[in-house]
Structures are given as C-alpha cells and as structure tokens.
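**Student:**
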Amino acid sequence: AYNPYIFGNNRNFEYICNKIPQFNLSMKLRLILATALTVMSGLWAMADGPFRLHRYDTLKSTPINSENIVFVGNSITNMHEWWEAFGSDHRIINRGTSGGFSYEILENLESFIDGKPEKLFLMIGTNDISTGIAPATVVSNIRTIITRIQQESPRTKIHIQSILPRVHEPQNTNNKAANEMLKALCAELDVTYLDLWDALLGVRNYGEWSADGLHLYAAGYRIWCKQIAPYVDENAECVYQDSYSNINSGMNNSNGMRSSYFGMLPLTTDDVIIVGDEMIHGGEWHELLRSPRIKSRGTGWGYGGLSLDQHKTQLTAILTGNGNKQNPAKIFFYCGTSDKNITKYGALIDEAKRLSPASQLYIMAQIPMAGTNNNAVVSFNSQLQNLAVQKGATYVDTYTPLLNSSGTADPECITSDYLYGRGYIKVANTLAEYLQEENVDPVSLEEFETIYAVRTARNTLANAIATAAGLTYGDGIGQYPESEKPAVDALVEQATKILQASDFDPAAASKTATAIESAINSLLSRINQPKPSTDAEQYLYTICSSLRNSYFTTATPTGLYGYTGNADKQDITGVWKFETRTDGTFNIISPADGSYMNPAASHNTQIKLSASEPSTGWTISHASTVGMYVIHSGTSCQLNQTTLNGNQVYNWYGGTSAPDREDAGCQFTLKEYNGKFAESEFTTGWYEIELANDLNGYLTAGTHHILNAENEYRQSNTNYYALKFAAKPSDAPKAWVHITVKGNIYQFTSLNGHGIQENCISSRASLPSSNPTVTASATIDGAYAIGKWSYYSNDGNESPYVGKSSASDNSYYLTRVNDSDLETYDIYTVSMTGTTPAAEVGQDVRLTLNHPENKGIRSVYAGGTFFVPKGTTLVYDDFSAPSHAGNANPEITVDPENHTITLDYTKQHIETGISQIDTNVTDTEKAYYNLQGMRMARPTRSGIYIHNGIKIRL
C-alpha cells in the first residue's frame, strides 16, 4: 500500500507510525498522506520522495511566532536563503520543500501557521501541473489553504505569488491559466496577489537567470526579492547588489545555482557558517539554534551530496564571492558522505585556511546510516578525528547522539539515511556546545517534544476535517446516506473550533479526530452501489484508478480487458454497465460489444473479457478512501490498476480472505456517464475549436499555417506549419471548421477545402491518411482531446499554436455551430474540373471570391467553402481564377439552388452578349464555337467565334 520511494518500505513507515505516540494513527488516517502522494503519474520517478518526508518532518521541529514571515512552497522556495537575502532578517523563515505539491502543503499546513505568523508568502503549483494535475485542482487546493489560514490565523497577511515561467512550454500554458485563476481567487478572498510572471520570464533562458529553465540563480532571485520587498517589510532591501554576478563553482545544475547565492550573500566576522551537503541544507539552523549569526552553506537535496572536490571549489563562492565577505568567526564542516576520502577532506580544510585564515574550523562527524552496519562511517569518523588534530581544527561528535540504546542509528532520528526532526534537534544541541560565544539558544529536546506533538495533533485533526470534507451525501454514485451528514458536520465544526482556539488542546484534538475517523469508518461500508442496468433502463459508468495515474479501465479492441495508455476515456470501450445477477453480485459488461468482465484470471495476470456470462459475479465494495470503491469477485479476483505491460489491470488476489481496500491500484472512482460516446458525440457539421484553458483562443484564419488560410505556405511530410489560435474574428465563419464523421474517423476540413491531418499537414484526400482522433478530455469537463495535437508557443509573444505531439494531452472545446447561425448564410461549396494537382498541396489552383459581402476567406481550393449573407447574388465577375492548363479564362458556374460553385478548366468562359463584329477578319482566320462554347467546324455562318480576344456572334 505504500510506495518504497516515499516510505523506504512498509516496515519503516509502520515503525514511525507506531513508535512515535503522537503519530500512532489508525490505518485510515495514516493513509491520508500515503494516498494523496500517489495521485499523479510519474511521481515516483522523482528521487526526492525521501527528502520531502524528512523535510516536512524537520519543519515540525521549530516554533513559529506572531512576528514570523513565512515563505512556503516547493524547491524554488526551498533553494533560497530568504532571510539572509533580506539583510539577515531573523523573522523570515523558509518552509519550502523540494518536489512539494499543493496537497502536501495542505497536509502540513499546521506546521506553518500554528504560531499565527505575521505574513505568509506562498508559491506552489508548478510540480502539480508538470505531473498532470489540472490547474483548477491546484487553485482549489490553494483556495483551501487560504481559507484555513483566514479561519485559524486571521491576522496573518497572505501573499499568493504567481507560478513562475519555465522552459517547458506546454506546462507554461497551464501555469499561465492557473495564474489567471489565482489572480481572480485572490481578489475574491481579499488577499494579495503578486504577479511575478513578466518580471521573471528570463528564467526560461539558460544562462544568467537559471541553469535548468526552472530554478533560479541568485540573479533571478535578485529580481524576485526586489519585486516583493515592499510586501516583506517597508524597510526591506535585497542584499544582492546589481554589480554582483553569479558564481556557480563550476556546477551547471541546482548545486551551482545554490553556490550563486553563497557568492552574493555577505559574511561578517560575527557570522558562523555550516558548510555541508543535503543534511546541512535540510535544516533551518538559524531557527534550530535561534541566532541570526548562524548561516547555512549546505548544498543538495538527495542523500550523498557534493563530492569533496566540489565542496573545495565551492569555498571560493562561500568565502570570497563577489568581494563582499569577511572571515567568519567559525566554520563547521559536514562533508564527505559521497566520497569518504580523508586526503581530499584535508585539502578542503587547507583551502578553508587559505581563504579564511582568521576563522576557527570545526569538523563534524558523519551521522550514522539507517540500519545496523555503520563500519564505514565509524572508520571514517576516526580518520576525521585525527585530521582535526593534524589541521588544528575541532572535532565535533555528531555521531554518538544519534544512536539508540543498541548502538545503531535511532530510527526516531534517522530514516532512509535522512535526518528527521528529532535528529536535527540533537545535532543542533551538540553544535551549541561549541557556540557559547555566540549565545545561541537551541531548541531543546523537551520543546521539540511539545512542538512536534502539537503540530502532529493539529495536522491529524486538520486532515480528519479534510477527509470529512471529501464526503458527499445523497443518492449518487460515491455518495453516502444524507441522514449521516448532520452528525459529521457537528464533529467538523467542533474540530474547527479546536484548531482556532488560542489555547490548543491536544487531548481534545485527538479525541475529536478519533470521533471523526470513527464516523467516517462507519460510513465507508454504506457507500451507494451503482444503479443496475435493465432492458428498460441503462446506466453507464466510468471506472477510474484515481490514486494511480487516473487511468480509465478500458476494454482493448482485441477483446482483452486492460488499460488505457493515458488518462482519457477514449470511446465506448471506456464505459461500463452493471447488471444484477441472481446471487446479488454484478455482471460488469462492456456496451461496446456486450462482452463480460471475467473474474477467471490467475493471480498477477491480466483480467480479460468473455463473450458469455462468467460463472461468478463481481462485488462492488467500499475502499479505504472516501468516495471510492474496490471491485472483487469472492476471494479469487480483485481489480488492480498496474503500471505493467501497458498499464494492464491485474488480478490482485493471491489467496487472501478479504479484499484489499488500501492499495492505491485497488481503489477506483465510479462516475455515472451521462454523455454520448465519442464515435456518436459528433455529427457532420460546422464547429468552432477553442482552447479549453481560459486563453480565449480560437483556431482561425491565418497566413503561416494551414487552417482557413487563403494562401498556404509550403506543405510536405517534413515541412508543415502549426495551426494558430487567435482571437475570435468578427466574421464568425473564419473561425469555423467542418468536421465529417464516418464511424469513429474524423475529417477536419478548413474553409479553404484542405483536410487537416494528425500531424497538421494539409491533405487533398477526402479522408486524410492520419486523421486526428477525438476523445473526452481527462482534465476539463466538456472539453475534448484531439489526437496528437499539443499547443505551444513559438513566437516569443506567447501566442498559442497547436502542432503534432506524441500525446493528445491538451484540451479543446469543440462547439457545434448553431443552426440559427448557419441559416443566416448561403454556404457554397467549390468543386473544380480539369485541374492538375500541384507538386505541393499549397500550390493547387485557388478560386477567389471578391464580393464585398464575402464573410469567409477570399480564396479556396477544391472542396472549399464560401459564406455570403442569405440571398446574396453571385455572378461571374465576382470571381477570379489563375491561368491553368493553358486556359486563362475558365468557366465559373454558380448554382444557387444547390449552393455549389464549379470552376471548369475544360471550358472557356463565353460572354452571352453580342460583341462588335470585326469585318476585316477572313474566314480562314476564324475559330468557330457553338453557343455552349465548344469548338466546331463551320457548317454555317451561325454561332460564336473568337479572334484576337474579340467574341463575335454570327
């Protein structure tokens, strides 16, 4: 049920839950964090899971008071030393966590606000969005964060900072959409919105502002700090001078960006710095030791950290930087976890002596590793102790305080080789013994116990409230009996008052959290069952693994029951109906072909479909997460969404006697599907295509792309133009596209008559070889994903384009043009006879309509469409066409009854009036035509002849 990337293993997490009394929760509440952290795809690919847990635990360790100014966010916040950048303002504290998500902020919010701080600056969301969480979900989480702060700490001034730009343009589109919603939210809730987007656009460019197009060098934070300084404090100023440059210590990554801060931050002779790797960077030392003289120079976010050579190189940035340093009073070193080389450690100490000869040097012992075998650490610490004697430094034993009574690493201090809150307190108190002159006042272990217990209790109660808030009541799927709502609401109200009280009562919080948990547990089994389908009534549902990548359970075309490659419900194969069997269980049936979900699958194999009714049925039961279900057949088969073999759905059961209600892959969201299937959602007709991310962009007429373009640019299989979104034109037809539906094949045709293939190449074919698919959007209700279309920006002005992508993960509104709107036009379709296709599609013959009332585009190809107001008369002189096939004057015929226009290069246009007869033309020079314009022999002196461009009727 727990992912090892987060918890190390189940045993470690269970140990924490049970060993620490304040964290000894029931399985249901323990799962709140676990299930929330398993929401999105790709999350476990990140190596920062253990870091995040140890960081959140560390942030429970130090008190917050009413004077504090709290910076909350992800790595972009975590990386920076905010309090030093604003002149070593000891009131400013950092609550950023690398890899952090908006829902994790909610889960740990009490650790940031329980002391009712003066101000709070929040930036969160880029990690959510980059892993597929919808902008609206991020904003919803931030709404909850704001609301809770306003309820519990109404004096706190909240500042919501816009999500920053990043080099990845698809995410930028969603980041901008989230920012627009955040701006509106802040106006609604009366909090300050700080728009940093334009000021920090440079972060997208590798170089001065960023090493990775996402995080910032000191030069970027300099801009940021100047932007927000008036909000931090009326006297706040950024210490990063304009003349200072980034010093990356030869590391073009996050470590190099961290070095750049050290190069710009000043040092005085009163300062004490702690140089080290992730262990040092993970602690807020000026808070732990309660002194503005203590400054962290730790670098890294994963276990192991910098090499000793890198630490040595980085000392130049730390100790000389931009010429703004004095020798600090003391330097503590915690280095070498990645390469235990005593010779290189000695070179590091020698370099410190050279650069800062007046500083006292201290060498910290390496902390024990989690587990029992610490022989390498003990041996290296012995070498460090000798090295300290040789170099005239002081050895600090930070190893022994972290051992338990068995002489191994204390798991209450160290988990997965990361130092947790209790461990940081012990290390800080050890360092304090060597900081008597600095008058430090470390957070004691007794204070820690109280703070940690209170924050754990508060977060537990707040999470219980959040779990209760997820309950919905009524007769719908995923809902619970309405009769239970008043009792749960009363408990939530009681819990809210406990959190708001000035004298927080942990015992009352624990009792109320238990009561809420009990109420929820009693409700879980009473979740509504799906409505069974009958011959008279059909009820259709989607089955979604909301806690594991949000995959919709989908029947594959080959008849195997399995998976979707993405989070879209693609078509009829992604919906299901439930029919009641005589024993009260369900048959689960695919309406695509009437096949049954068959529970006759072996353990850890894919569940398949069968054409006939299986011998046993399915039970739909409650999951451990509110509003969710497990689906199982007796004790022989249970659905589990895996990420194996194309995300197949497996039989989870291995002979257990009860369904697994807790594993993320076993828990499913059922939603009643009231829409139509994709293959019948559309009928042939005219549509508008609009971006579904509040960018107000329509696919519309343009010049550098193919859609509704009057004069296409070069088009080939290797050279094609994207489709551009622009503001909706005043002449509505210019934003219309014709969609022809044939089964589940979709032909998108521009006004100019060319089809639009999947890769955005134009095509003459009535059905292009690679048609875009159309599926319901997985992220935005009422929107659709168009296969392999992905929007991006390529002109520097953030104008949205759409081009071919490897995945159809962007959303569009496809709006059918109303019949009443169409009825205001005469819509003419152009056909062409006698034309020869050009080598490139864009060089084909075009027909131009010059009529002043033309509401569409001026020039179209074969199959193109002209829109004119109802009743408009079109005549030959309204059109023009190029010379082609030796005919400079092709016939153009308008058929008002059938609304067609024919361009015929097999005929020349003939004037119907009588022209002046040229009596000087001899019979031998005359070419004779009949009244239909066909050349003929001269049997009589009747008909029409043309000579030197003069038309003569005889």
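Per this note's numbering, the sequence shown starts with residue 731, numbered consecutively. Virtual Cβ for every residue (Gly too), placed ideally from N, Cα, C.
Under a Cβ-count criterion, where at least 16 other Cβ atoms within 10 Å of its own Cβ denotes burial, should Ser-1320 be classed as buried or exposed?
**Tutor:** buried
**Student:** Output the distance between the C-alpha atoms of Leu-1437 and Ile-1469, rounded to the nearest integer angstrom.
**Tutor:** Those two C-alpha atoms are separated by around 13 Å.
**Student:** Helix or strand or just coil, what does DSSP make of Leu-946?
**Tutor:** coil
**Student:** Can you name, in chain order, every residue of its own chain whose Cβ lies under 8 Å from the Cβ of Ser-1342, other than the five neighbours on each side?
**Tutor:** Tyr-1326
**Student:** What separation, rounded to the nearest whole angstrom, lies between the Cα atoms of Tyr-1658 and Asp-1574?
**Tutor:** Here the model assigns Tyr-1658 a pLDDT of 48, short of 50, so the residue's position is not dependable, and the following value carries that caveat. Taking the straight line from one Cα to the other gives about 32 Å.
**Student:** According to DSSP, is Ala-1217 part of a helix, a strand, or is it coil?
**Tutor:** helix
**Student:** Select from Ile-977, Ile-1144, Ile-1510 the residue whose C-alpha is nearest the C-alpha of Gly-937.
**Tutor:** Ile-977
**Student:** Am I right that Ala-866 and Met-911 are in contact with their C-beta atoms under 8 Å? What's the rounded C-beta distance?
**Tutor:** Contact between Ala-866 and Met-911 holds, since their C-beta atoms are separated by about 7 Å, short of 8 Å.
**Student:** Would you kindly work out how many angstroms separate the C-alpha atoms of Ile-1622 and Arg-1588, rounded to a whole number?
**Tutor:** 16 Å
**Student:** Excluding sequence positions up to five away, which residues of its chain have a Cβ less than 6 Å from the Cβ of Pro-780?
**Tutor:** Ser-1146, Tyr-1148
**Student:** Near Lys-1074, which residues of its chain fall below 7 Å by C-beta distance, leaving aside the five closest residues on each side in sequence?
**Tutor:** Leu-1038, Asp-1039
**Student:** Leaving out five residues before and five after Thr-1124 in sequence, what residues of the same chain have Cβ atoms less than 8 Å from its Cβ?
**Tutor:** Only Gln-1090, Leu-1091, Tyr-1092, Ile-1093, Ala-1118, Tyr-1164 meet the Cβ criterion.
**Student:** Within the continuous beta strand (DSSP E) that includes Trp-812, where are the two ends?
**Tutor:** Note, Trp-812: premise wrong, no beta strand (DSSP E); alpha helix (DSSP H) at 812-815.
**Student:** Report the residue from Ser-1252, Val-1571, Ile-1318 whose alpha carbon sits nearest the alpha carbon of Ser-1263.
**Tutor:** Ile-1318
**Student:** In the stretch 1056-1094, which residue ranges form an unbroken beta strand (DSSP E) of at least 3 residues, counting only runs that do not cross its ends?
**Tutor:** 1060-1064, 1090-1094
**Student:** Identify whether Pro-780 lies in helix, strand or coil by the three-state DSSP scheme.
**Tutor:** helix
**Student:** Report yes or no: do three or more beta-carbon pairs, one from the stretch 1221-1238 and one from the stretch 1349-1369, lie closer than 8 Å?
**Tutor:** Verdict: no, contact absent.
**Student:** Excluding the 5 residues flanking Ala-1198 on each side, which residues of the same chain have their C-beta closer than 6 Å to its C-beta?
**Tutor:** Val-1218, Val-1222, Ile-1246
**Student:** Evaluate Ala-1615 with the Cβ neighbour count: other Cβ atoms within 10 Å of its Cβ, from every protein chain shown; 16 or more gives buried, anything less gives exposed.
**Tutor:** Counting Cβ neighbours within 10 Å, Ala-1615 comes out exposed, since fewer than 16 surround it.
**Student:** Do you know offhand how far Gly-1572's Cα is from Thr-1559's?
**Tutor:** Rounded to the nearest angstrom, the two C-alpha atoms are 19 Å apart.
**Student:** Got a sec? Which residues, its chain only, sit under 7 Å from Leu-926 by beta carbon, not counting five neighbours each side?
**Tutor:** Gln-891, Ser-892, Leu-894, Trp-954, Gln-957
**Student:** According to DSSP, is Tyr-1380 helix, strand or coil?
**Tutor:** strand
**Student:** By Cβ distance below 8 Å, which residues in the same chain neighbour Gln-1368 in space, the five residues on each side in sequence not counted?
**Tutor:** Val-1360, Ile-1361, His-1362, Asn-1381, Trp-1382, Tyr-1383, Pro-1389, Asp-1390, Cys-1396
**Student:** Which runs of the alpha helix (DSSP H) fall wholly inside the stretch 928-976 and span at least 4 residues, in chain order?
**Tutor:** 948-962
**Student:** Can you list, in chain order, the residues of its chain whose CB lies under 8 Å from that of Tyr-1150, leaving out five sequence neighbours each side?
**Tutor:** His-784, Asp-787, Thr-788, Glu-1142, Cys-1143, Ile-1144
**Student:** Once DSSP output is grouped into helix, strand and coil, what is the label at Glu-1392?
**Tutor:** coil
**Student:** By DSSP's criteria, Asn-824 is part of a beta bridge. Which residues make up the other side?
**Tutor:** Phe-801
**Student:** Can you check whether the CB of Tyr-1514 is closer than 7 Å to the CB of Tyr-1476?
**Tutor:** no
**Student:** When DSSP builds the beta bridges, which residues end up paired with Ser-883?
**Tutor:** None; Ser-883 has no bridge partner.
**Student:** Secondary structure at Ser-990, three-state DSSP: helix, strand or coil?
**Tutor:** helix
**Student:** Go ahead and pull the three-state DSSP assignment for Asn-871.
**Tutor:** Helix.
**Student:** Whether or not the stretch 1186-1195 and the stretch 1049-1059 are in contact is what I'm after, with contact meaning three or more pairs of Cβ atoms, one per stretch, closer than 8 Å; do they touch?
**Tutor:** no
**Student:** So, at 8 Å on beta carbons, what are the nonlocal neighbours of Thr-1565 in its own chain, with the 5 sequence-adjacent residues on each side left out?
**Tutor:** Asp-1574, Val-1575, Ala-1592, His-1614, Ala-1615, Leu-1633, Tyr-1635
**Student:** Mapping the DSSP letters down to three states, classify Thr-1186 as helix, strand or coil.
**Tutor:** helix
**Student:** Run through the stretch 1097-1169 for me and flag every whole alpha helix (DSSP H) of 4 or more residues, listed as ranges in chain order.
**Tutor:** Counting only runs of 4+ residues, the alpha helix (DSSP H) found wholly inside the stretch 1097-1169 occupies 1105-1121, 1151-1162, in chain order.
**Student:** Around the C-beta of Lys-1338, are 16 or more other C-beta atoms found within 10 angstroms, so that it is buried, or is it exposed?
**Tutor:** buried
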